[in-house]
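Engineer: First the structure, which I've put down as structure tokens, then a few questions once you've had a look.
Given below as structure tokens:
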């Protein structure tokens with residue numbers, strides 16, 4: 003079998019394959035024999051249908067098409083093996099199939115063209131002596147006090163309020179019904195904008211459109227009011243974004259919080275005796291936030307290194323890799339939402355998956371490029387994982403997860419990837435100039451790079467899906 007290769011854009015290899023006369027004849031005969039064994043034709047026992055009857059019933063063109071489908075698939079697999087080509091995903095037929103059927107003459111040679119995705123060639127213009135800046139995160143000295151106040155709020159006693167209006171520190175139960183009037187249409191309900199006996203905190207405006215929570219403040223129990231609001235221009239629901247709406251709100255119940263004293267008894271009760279004094283609890287929180295700040299600084303350094311490396315990589319990505327990454331990203335999003343107890347079946351549908359993929363495509367491309375760039379650095383600098391350290395890590399994790407059913411091979415694979423990535427990043431930092439700058443001093447979001455915008459788009463997918471699920475649940 004003669005195979006001619008051609009390099010194509012987007013990390014594809016074109017193949018022109020000449021099928022031998024013997025193979026075209028054999029495939030045709032096998033197709034006929036298969037029909038003779040399996041066809042159910044009145045007047046004939048199954049498996050005993052004569053050849054001529056099969057050809058009359060299904061036609062020569064239909065038989066050739068069936069034979070050709072198998073022949074192309076088998077010949078392509080053989081060609082990849084013969085030419086030692088490691089393909090990614092399925093092949094794409096470049097010849098017109100109908101034309102091939104017309105040209106297919108059993109016992110005569112046949113030429114067809116196909117293309118396969120292959121692992122891309124990575125070019126790193128530079129990966130040493132990079133000049134990198136990363137934001138240093140420092141623990142907020144006020145965060146401990148803020149956390150303790152939040153704990154007090156969580157442990158507060160709710161006391162009914164009847165003789166005053168709602169305040170920002172209260173907890174309320176409301177019913178509401180939203181309506182809007184699309185341009186050129188009659189008034190209709192806001193999608194998901196209706197609820198009964200809905201509990202909310204009047205100091206939390208993040209879950210609602212601007213003005214909704216503020217409109218409840220000042221109301222008294224039993225009072226009903228009509229509230230004019232405006233959906234933001236960037237609101238996730240296309241039907242109502244940028245639209246004016248009216249919400250009829252009834253305040254059904256109102257409670258105020260009586261906060262506990264901030265003392266040793268509070269600390270002990272909050273932590274179930276783990277910390278018996280308020281001072282010990284404060285020390286614990288200070289250390290936790292210090293550790294978190296250091297971890298965030300480390301993450302900022304990693305992101306800065308990867309983004310600097312991303313600017314140096316040149317690679318043509320095959321669509322197979324991009325689609326695999328998009329599927330992985332969406333599956334991770336689905337898992338996260340499912341773990342939160344949300345129903346994802348109504349959101350991850352055949353209709354909106356293409357839209358979600360389109361929003362995530364930029365980040366998927368960047369993620370693949372970063373991974374390939376790291377792999378190229380490891381290849382060039384011969385960075386590998388120490389087997390003894392890997393084995394020690396595997397055993398440690400297996401002991402920690404002894405009560406769970408763990409796939410040892412998969413665990414080893416994941417840990418290998420994590421440790422290798424850590425080593426590559428350490429090497430890159432050691433061979434570059436990395437400057438830590440104050441938090442918030444680098445480019446603001448509105449001056450973000452294309453990579454940053456891609457990341458924001460990926461995060462928007464999670465946000466949109468989550469909001470739509472919540473909206474569905476509350477309707």
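Residue numbers (the working numbering): 3 to 477. All C-beta atoms in this analysis are idealised placements derived from N, C-alpha and C, irrespective of residue type, glycine included.
When DSSP builds the beta bridges, which residues end up paired with residue 95?
Structural biologist: Looking at the DSSP assignment, residue 95 forms a beta bridge with 116.
Engineer: Kindly confirm or deny that the region 183-200 and the region 242-249 touch, where touching means at least three C-beta pairs closer than 8 Å.
Structural biologist: With the cut-off at 8 Å, the region 183-200 and the region 242-249 touch.
Engineer: Please list, in chain order, all residues of the same chain as residue 18 whose beta carbon is under 6 Å from its beta carbon, the five residues on each side excluded.
Structural biologist: Excluding residues within five positions, the ones whose Cβ falls inside 6 Å are 6, 115.
Engineer: In the DSSP assignment, what residue or residues form a beta bridge with residue 258?
Structural biologist: 161.
Engineer: To the nearest angstrom, how far is it from the Cα of residue 268 to the Cα of residue 205?
Structural biologist: Roughly 23 Å between the two C-alpha positions.
Engineer: Assign residue 208 to buried or exposed, taking buried as 16 or more other Cβ atoms, counted over all protein chains shown, within 10 Å of its Cβ.
Structural biologist: Label assigned to residue 208: exposed.
Engineer: What do you reckon, are the CB atoms on residue 253 and residue 176 nearer than 7 Å?
Structural biologist: Cβ atoms of residue 253 and residue 176: closer than 7 Å.
Engineer: What does DSSP give as the partner residues of residue 178 in its beta bridges?
Structural biologist: In DSSP, residue 178 forms a bridge with 197, 251.
Engineer: Put residue 377 into one of helix, strand or coil per three-state DSSP.
Structural biologist: Residue 377: helix per DSSP, three-state reduction.
Engineer: Here's the rule I'm using: 16 or more other beta-carbon atoms within 10 Å means buried, otherwise exposed. How should residue 62 be labelled?
Structural biologist: Exposed, by the Cβ-count rule.
Engineer: What's the C-alpha gap between residue 353 and residue 88?
Structural biologist: Taking the straight line from one Cα to the other gives about 33 Å.
Engineer: Assuming contact is defined by CB atoms lying nearer than 7 Å, are residue 103 and residue 67 in contact in what I supplied?
Structural biologist: A contact, by the Cβ cut-off of 7 Å.
Engineer: Looking at the unbroken beta strand (DSSP E) that takes in residue 234, where does it start and where does it end?
Structural biologist: No beta strand (DSSP E) contains residue 234, which DSSP labels as neither H nor E.
Engineer: If you draw a straight line from the alpha carbon of residue 452 to that of residue 367, how long is it in whole angstroms?
Structural biologist: In this prediction, residue 452 has a pLDDT of 41, which is less than 50 and means its spatial position is unreliable; what the coordinates show is noted afterwards. Cα to Cα, the separation comes out at about 11 Å.
Engineer: How do the region 134-147 and the region 295-309 stand: do at least 3 beta-carbon pairs fall below 8 Å, yes or no?
Structural biologist: As far as the Cβ criterion goes, the region 134-147 touches the region 295-309, which means the pair count is three or higher.
Engineer: Just confirm the distance between the C-beta atoms of residue 430 and residue 379, as a whole number of angstroms; I'd bet it's less than 8 Å.
Structural biologist: Yes, residue 430 and residue 379 are in contact; Cβ-Cβ is about 7 Å, under 8 Å.
Engineer: Check whether the region 108-128 touches the region 318-331, taking contact to mean three or more Cβ pairs, one atom from each stretch, closer than 8 Å.
Structural biologist: Yes: at least three Cβ pairs fall under 8 Å.
Engineer: Check for me: the alpha helix (DSSP H) holding residue 303 runs from which residue to which?
Structural biologist: Here the alpha helix (DSSP H) through residue 303 covers 280-312.
Engineer: Looking at the structure shown, is residue 335 part of a helix, part of a strand, or coil, going by DSSP?
Structural biologist: Residue state, collapsed to three classes: helix.
Engineer: Among the residues of its own chain, which have a CB less than 8 Å from the CB of residue 312, if the five just before and after it don't count?
Structural biologist: Once the five neighbours on either side are set aside, the close Cβ partners of residue 312 are 368, 371, 372, 375, 453.
Engineer: Any idea what DSSP makes of residue 131, helix, strand or coil?
Structural biologist: In the structure shown, residue 131 sits in coil (DSSP, three-state: anything other than H, G, I, E or B).
Engineer: I need the DSSP call for residue 16, collapsed to helix, strand or coil.
Structural biologist: Residue state, collapsed to three classes: strand.
Engineer: Which whole-angstrom value is the C-beta distance of residue 310 and residue 132, which I expect to be below 8 Å?
Structural biologist: So it is a contact: roughly 5 Å between Cβ atoms.
Engineer: Judging by CA-CA distance, which residue of 108, 86, 278 is the nearest neighbour of residue 73?
Structural biologist: The option with the nearest alpha carbon to residue 73 is 108.
Engineer: Is the beta carbon of residue 174 sitting closer than 7 Å to the one on residue 261?
Structural biologist: No, the pair does not count as a contact, with Cβ atoms beyond the cut-off.
Engineer: If you reduce the DSSP assignment to three classes, tell me which class residue 362 lands in.
Structural biologist: It is helical.
Engineer: Does DSSP put residue 226 in a helix, a strand or coil?
Structural biologist: Looking at residue 226 - three-state DSSP - the assignment turns out to be strand.
Engineer: Whole angstroms is fine: what's the gap from residue 426's alpha carbon to residue 349's?
Structural biologist: Cα to Cα, the separation comes out at about 38 Å.
Engineer: Run through DSSP, which three-state label would residue 203 get?
Structural biologist: Residue 203 falls in the strand class under three-state DSSP.
Engineer: Which same chain residues, not among the five before or five after residue 169, have their C-beta less than 8 Å away from its C-beta?
Structural biologist: Here the set comprises 204, 219, 258.
Engineer: Suppose the cutoff is 7 Å on Cβ atoms and the five residues either side in sequence are ignored; what does the same chain contact list for residue 337 look like?
Structural biologist: Excluding residues within five positions, none has a Cβ falling inside 7 Å.
Engineer: Would you give the residue range spanned by the beta strand (DSSP E) that residue 171 belongs to?
Structural biologist: That residue, residue 171, is in no beta strand (DSSP E); it is neither H nor E in DSSP.
Engineer: For the beta strand (DSSP E) holding residue 435, just list the boundary residues, first then last.
Structural biologist: Here the beta strand (DSSP E) through residue 435 covers 435-440.
Engineer: Could you spell out the range, first to last residue, of the alpha helix (DSSP H) harbouring residue 418?
Structural biologist: That run of the alpha helix (DSSP H) goes 410-432.
Engineer: Considering only their Cβ atoms, is the gap separating residue 229 from residue 251 smaller than 7 Å?
Structural biologist: Yes, they are a contact pair.
Engineer: For residue 316, which three-state DSSP category applies?
Structural biologist: It is a strand residue.
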